[in-house]
Amino acid sequence: MRIGTVVGNIWATRKEEGLQGLKLLIIQPIKLDGQLSDEQIVAADRIGAGVGDNVILTMGSAAVRSFSTSSICPIDAIVVGIIDGTDES
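Quick note on numbering: the sequence shown equals residues -4 to 84 in this note's numbering.
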């Protein structure tokens, strides 16, 4: 899993059938030093994250499995949590 910040939304009027009804977000991962990475990831979201939220992502085959639909959904990343806070000791 990774953490990142939602920096934007994607609207697509045409998309793969398995993506219908899914919100797509642009996420910038947060590096170990707390700074935003230059990388951007497109992630599916079913929990209602919005721009500015820090989120937990799962990626790869784990993202597809966590989606748990009857058909394989063509996603590589999915938001699995919205971060309320962290405590690094």
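Virtual Cβ for every residue (Gly too), placed ideally from N, Cα, C.
Original post:
Can you tell which of I77, Q30, I70 and M(-4) has the C-alpha that lies nearest to the C-alpha of V37?
Top reply: Cα-wise, what sits closest to V37 is I70.
Original post:
Helix, strand or coil for L27 per DSSP?
Top reply: If DSSP states are grouped into helix, strand and coil, L27 belongs with coil.
Original post:
Just the Cα atoms here: how many angstroms apart are K18 and D28?
Top reply: One C-alpha to the other measures close to 29 angstroms.
Original post:
From A7, T8, Q15 and G(-1), pick the residue whose C-alpha is nearest to that of Q30; which is it?
Top reply: That would be G(-1), whose Cα lies nearest to the Cα of Q30.
Subject >> Unbroken beta strand (DSSP E) run spanning D40, endpoints >> reply: That run of the beta strand (DSSP E) goes I36 to D40.
Original post:
Can you tell me whether A72 is buried or exposed, with buried defined as 16 or more other CB within 10 angstroms of its CB?
Top reply: Around the C-beta of A72, 16 or more other C-beta atoms lie within 10 Å, and the residue is accordingly described as buried.
Original post:
What is the residue span of the beta strand (DSSP E) that A44 lies within?
Top reply: DSSP places A44 outside any beta strand (DSSP E), giving it a letter other than H or E.
Original post:
Which one or two residues does DSSP pair with R(-3) in a beta bridge?
Top reply: Paired residue(s): L52.
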